[in-house]
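Single-structure report; data block below.
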């Protein structure tokens, strides 16, 4: 029987291949400390979900935050296999989170592991990170091999190397998402808030169990809101998560901070250190400068983008051809706080990558309370505070906001989710907002600078994807090509359930917009 490559990788690179010899010689067992495993898995998970390919070229491009000024195939929905490597990387990290759980439950190890923090809290934190990771994967691909801590189900076969399951079935989304809600609820209840999670090696909350509890509830609120349209039982999770305590300020944000250098810099800063072939899109710049939409000039523009050499904020149309894109050389690069460079590689800053923020929670609370005005404003304020906007500018913008509605709340949520392309992508598929994106077939006209002297000409184009079957933004990412050979039977079964097969035009279970 052929073994799935990703599980071979986990056996080699994870800890599944270690012979711990607990019973033969427990005093000499080479068992890595759980805080080290956890710290590395979190860092790698963030690196993998915020990389140049899946993040930089796919989700940021799909949601038209960024566009490429060279090699624009991804902006036109033709994707290289590199996009799908995130699949393998995630399973390696998931196996390491599972090892944290195993080591804290193993009778021969849990006393030793308790030196690094409460056994229960370590298990709970690992479960929360696994839920975040599996949610990211299901949102991206649909049905996937899935593992559950507490639910026995014949469809949950991922990470089951103990039983030599090297070709796992793809669990249906209709089972995955409800189980994620269950796992997060149980993990929140499992946390002992009077005890530390890890004495060291917790790069998100520094071992604070109360903060992890808020993260679990906030993530449960995100997932439950997403699937409510197809899973009415999610309402109970929404109510319970809010009652149990979600984020209430930016101090609660689930973020990972990186150093201001190439060795330990954020994945985006490292990837784009000396590059200038990605720019902020014209539709996003226009939404922020007030010329598109009804929100006026947004002070986050100067945080999200750099002015061009003439001191102006100029975006790039998404989806232009490679031949056409070369004309855009006087555009606005992403802001210094994001890529920390002007393309020269000489400017470095501390980078922060967010797994979830209070701003997102505030928008979720607005949505779940009949588009509440106060929570809507709280979301905008939190986003501006997060990005360092001056209080006076923040307050002036919020005071002029149009009233809360589905469109206004979700559009401002889209602005706040800049640099979290995956979550913004989910919101668009679920709600259809924002309506400010340039969709396939749409025509567009803008004034562009055509030379270093500042000459301006009118540019007209029609967004024509390489894949002519696409009439909207992609609904999912295609499975890695190796799955069709190394896990062929289960891959074919999963693809057979997709409306258009293994294509970006096949909608996910919860995407009923």
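Residue numbers (our numbering): 1096 to 1608. Positions of the beta carbon are idealized from the N, C-alpha and C atoms, including for glycine. Since the structure is predicted, the reported quantities are computational estimates derived from the model, not experimental observations.
DSSP places residue 1182 inside the alpha helix (DSSP H), whose first and last residues are 1180 to 1200.
Between the alpha carbons of residue 1552 and residue 1563 lies a gap of roughly 29 Å.
Using a Cβ-Cβ distance cut-off of 8 Å, the stretch 1404 to 1415 and the stretch 1156 to 1174 are in contact, since at least three pairs of beta carbons, one from each stretch, lie closer than that value. Between residue 1132 and residue 1194, the gap from beta carbon to beta carbon is short of 8 Å. The C-alpha of residue 1524 lies about 10 Å from the C-alpha of residue 1567.
Counted as a single uninterrupted DSSP element, the beta strand (DSSP E) harbouring residue 1349 occupies residues 1349 to 1352. For residue 1448, the pairing in a beta bridge is given by DSSP as 1351. For the 8 Å CB-CB criterion, residue 1241 and residue 1251 form a contact. Nearest to residue 1276 by alpha-carbon distance, out of 1598, 1322, 1291 and 1355, is 1322.
Taking a 10 Å sphere around the C-beta of residue 1583, we find fewer than 16 other C-beta atoms and assign the residue as exposed. In the structure shown, the three-state DSSP call for residue 1248 is coil. With a cut-off of 8 Å on Cβ pairs, the stretch 1167 to 1181 is in contact with the stretch 1138 to 1157, counting three or more such pairs.
A Cβ-Cβ distance of about 20 Å is found for the pair residue 1219 and residue 1272, leaving them out of contact under the 8 Å criterion. In the displayed model, residue 1133 falls within a helix according to three-state DSSP. In this structure, the beta-carbon distance from residue 1298 to residue 1351 falls below 8 Å. Contact annotation: residue 1518 and residue 1505 have beta-carbon atoms that are not nearer than 8 Å. Under DSSP, no beta-bridge partner is assigned to residue 1574. Annotated three-state conformation of residue 1259 is coil, per DSSP. In the three-state scheme derived from DSSP, where H, G and I count as helix and E and B as strand, residue 1167 is classed as coil.
Ranked by Cα distance from residue 1516, the first of 1224, 1556, 1231 and 1476 is 1231. Rounded to the nearest whole angstrom, the C-alpha separation of residue 1330 and residue 1478 is 26 Å. For residue 1381, the enclosing alpha helix (DSSP H) stretches over residues 1377 to 1384.
Counting along the chain, the unbroken alpha helix (DSSP H) around residue 1214 starts and ends at 1214 to 1236.
In the structure shown, the three-state DSSP call for residue 1369 is coil. For the pair residue 1212 and residue 1140, the Cα-to-Cα distance works out to about 22 Å. One thing to note: residue 1427 has its Cβ no nearer than 8 Å to the Cβ of residue 1510. Taking 8 Å as the cut-off, the Cβ atoms of residue 1586 and residue 1578 count as close. Between the alpha carbons of residue 1494 and residue 1317 lies a distance of about 27 Å. Residue 1154 is classed as buried because its beta carbon has at least 16 other beta carbons within 10 Å across all chains shown.
Taking each of 1247, 1157 and 1127 in turn and checking the Cα distance to residue 1208, the smallest one comes out for 1127.
Per the DSSP secondary-structure output, residue 1429 pairs in a beta bridge with 1400. DSSP places residue 1392 in the coil class of the three-state scheme, outside both helix and strand. The beta-carbon separation of residue 1451 and residue 1310, rounded to 7 Å, stays under the 8 Å limit for a contact. With contacts defined as CB atoms closer than 8 Å, residue 1216 and residue 1292 qualify as a contacting pair.
Check the Cα spacing between residue 1173 and each of 1607, 1606 and 1600: the tightest is with 1600. Taking a contact as a CB-CB distance under 8 Å, the pair residue 1253 and residue 1314 does not count as one, their CB atoms being some 19 Å apart.
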